[in-house]
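Residue 1 is where the sequence shown starts when you use full-length UniProt numbering, and the numbers rise one by one after that.
Just so it is clear, CB atoms sit at the ideal spot from N, CA and C, and this is done for glycine as well.
Worksheet: one structure, shown below.
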Amino acid sequence: MRLPRSAAGWTIAVFGVLALLMGAVGLVWPEALLRMLGFEVPATRAAGDHTGTFLIASSMASFNMGVYYLLATVTEWRSFFRFTVLFRLVTFTVFSIAVLADIAPGRFFGVAAWEGLGAVATAVGLWWDDRRAGPGAVGGGGDSAAGAVPAADAVH
Numbered sequence: 001m002r003l004p005r006s007a008a009g010w011t012i013a014v015f016g017v018l019a020l021l022m023g024a025v026g027l028v029w030p031e032a033l034l035r036m037l038g039f040e041v042p043a044t045r046a047a048g049d050h051t052g053t054f055l056i057a058s059s060m061a062s063f064n065m066g067v068y069y070l071l072a073t074v075t076e077w078r079s080f081f082r083f084t085v086l087f088r089l090v091t092f093t094v095f096s097i098a099v100l101a102d103i104a105p106g107r108f109f110g111v112a113a114w115e116g117l118g119a120v121a122t123a124v125g126l127w128w129d130d131r132r133a134g135p136g137a138v139g140g141g142g143d144s145a146a147g148a149v150p151a152a153d154a155v156h
């Protein structure tokens, strides 16, 4: 895998690696992930408690998302970068509301903050890359032809 070619690409790569790693932790050692997020880990679970099932699903989604982010980084898919800014801000909002409404523990706000800061970092990276490239440059404000659709050899 090649290194990111832009500031925005680096922000997406960092998030991708962490999403992949956190997903793997949740699949291999779910109790550790729950503790990191501020959730209690009881010695036993009551009948009908599907926390483990939900954790497997969410960890697998995180793992897959990490792969998607890394693929977007390798292909410098700037439309995807921009898309993530909006939806990471939505995630920040939803997670923050969950903490404020006492649906999630206070430590879960760290996840919200990570999403919000990641969105801002990617937005700043996109702005910086566009400014550095200048108007009319390939990738300046839009996708390059190579970055818009992954090349066949980029997947191998």
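Comparing alpha-carbon positions, the option among Leu86, Ala7, Leu27 and Ala24 lying closest to glutamate 115 turns out to be Leu86. Around the CB of tryptophan 77, 16 or more other CB atoms lie within 10 Å, so the residue is classed as buried. Nearest to tryptophan 29 by C-alpha distance, out of Asp102, Ala8, Phe81 and Ser59, is Ser59. Between alanine 121 and the set Gly9, Val67 and Ala61, the nearest pair of CA atoms involves Gly9.
Assigned with DSSP and collapsed to three states, tryptophan 127 falls in helix. Close CB contacts of glycine 38 within its chain, under the 6 Å cut and outside five residues either way in sequence, are with Pro105, Arg107 and Phe108 (chain order). In this structure the region 40-60 does not lie against the region 82-96, because fewer than three pairs of beta carbons, one per stretch, are closer than 8 Å. The C-beta of isoleucine 12 has 16 or more other C-beta atoms within 10 Å across all chains shown, which makes the residue buried. For the set Thr75, Leu71 and Val111, the Cα lying nearest the Cα of valine 90 is the one of Val111.
For glycine 16, the enclosing alpha helix (DSSP H) covers residues 7-28. Under the three-state reduction of DSSP, glutamate 115 is assigned to helix.
The distance from the Cβ of serine 79 to that of alanine 19 is about 19 Å, inconsistent with a contact at the 8 Å cut-off. By the CB criterion at 8 Å, leucine 27 and isoleucine 56 fall inside the cutoff. The beta carbon of serine 96 sits closer than 6 Å to those of Ala112, all from its chain and outside the five residues before and after it, given in chain order. A residue is called buried when at least 16 other Cβ atoms come within 10 angstroms of its Cβ; aspartate 102 does not meet this threshold and is exposed.
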